[in-house]
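One structure below.
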Amino acid sequence: MANNIKAADWRVAGLAQIGGAAAVGGGVWTFEMRSATANHRGTYTFTGYGLGVGGSLGGASMPDFSTGGLSYTDLECERAFSADDLHGSAGRLTTAGAGLSVGYGVTIITAFNWGGYMFSSQECFGGTIGVGASAITTAGMWHRIG
13 MANNIKAADW RVAGLAQIGG AAAVGGGVWT FEMRSATANH RGTYTFTGYG LGVGGSLGGA
73 SMPDFSTGGL SYTDLECERA FSADDLHGSA GRLTTAGAGL SVGYGVTIIT AFNWGGYMFS
133 SQECFGGTIG VGASAITTAG MWHRIG
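Residues 13 to 158 (this note's numbering) make up the sequence shown, in order.
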């Protein structure tokens, strides 16, 4: 697995999240990011603080029943970037959704560093597994954890 190869064919799937807000709040969201060009598949967290209302736990993407795996969203990259570029980068995450065991939500993600935006306001939406109802916008950091 290569961490320093720049690519523009990144895909993302939501794995889990926990967060809440009563005007001010925050959360931790976990994603799997993969790129065939970079030969990379890794787990990343986004930790952010911001404004919103509500709370939720879970947030995993529903499985892709046609492949039996995770349900990925293709990122429209502003520029090619590597796993090393994403690790430690700043970003923004906005999410809204509701569910009791199974629900629907939208999460919009952004990542940037000194080189500029890697991806900006990319939607990752669809069916989710979890409990809660929330709407929150946060600013924070991306970190590779696996």
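The C-beta atom is built at its ideal place from N, Cα and C for all residues, glycine as well.
Return the Cβ separation of residue i and residue j in integer angstroms, given the expectation that the two are a contact with Cβ distance under 8 Å.
i, j, result
"Trp154", "His99", "7 Å"
"Gly64", "Thr149", "6 Å"
"Leu87", "Arg23", "7 Å"
"Gly152", "Phe58", "6 Å"
"Gly39", "Gly60", "7 Å"
Once the 5 residues before and after residue i are set aside, which same chain residues still bring their CB inside 8 Å of it?
i, result
"Phe124", "Ser101, Ala102, Gly103, Met130, Ser132"
"Val118", "Thr107, Ala108, Gly109, Glu135, Cys136, Phe137"
Taking just the CA atoms, how far does residue j sit from residue i?
i, j, result
"Gly37", "Gly62", "6 Å"
"Ala145", "Ser47", "31 Å"
"Gly127", "Asp96", "13 Å"
"Ala20", "Leu27", "21 Å"
"Asn50", "Ala34", "The question names Asn, but residue 50 is Ala in the sequence shown. Ala50 and Ala34: Cα-Cα distance of roughly 40 Å."
"Asn16", "Ala147", "35 Å"
"Tyr84", "Met45", "9 Å"
"Ile30", "Gln134", "20 Å"
"Ser94", "Lys18", "4 Å"
"Phe43", "Cys136", "10 Å"
"Gly109", "Gly81", "22 Å"
Where does residue i sit, in a helix, a strand or coil, going by DSSP?
i, result
"Ala145", "strand"
"Asn16", "coil"
"Trp154", "strand"
"Trp126", "coil"
Quick one: what's got a C-beta closer than 6 Å to residue i's C-beta in the same chain, skipping five residues either side?
i, result
"Thr106", "Ile120, Thr149"
"Gly32", "Gly67"
Short of 7 Å in beta carbon distance, which residues of its chain neighbour residue i, apart from the five on each side in sequence? Order them along the chain.
i, result
"Cys89", "Ala20, Trp22, Met130, Phe131"
"Ala14", "Ala50, Asn51, His52"
* Within the segment 33 to 101, ranges of the beta strand (DSSP E) (whole runs, at least 3 residues) -> Those beta strand (DSSP E) runs which fall completely within the segment 33 to 101 and span 3+ residues are 52 to 73.
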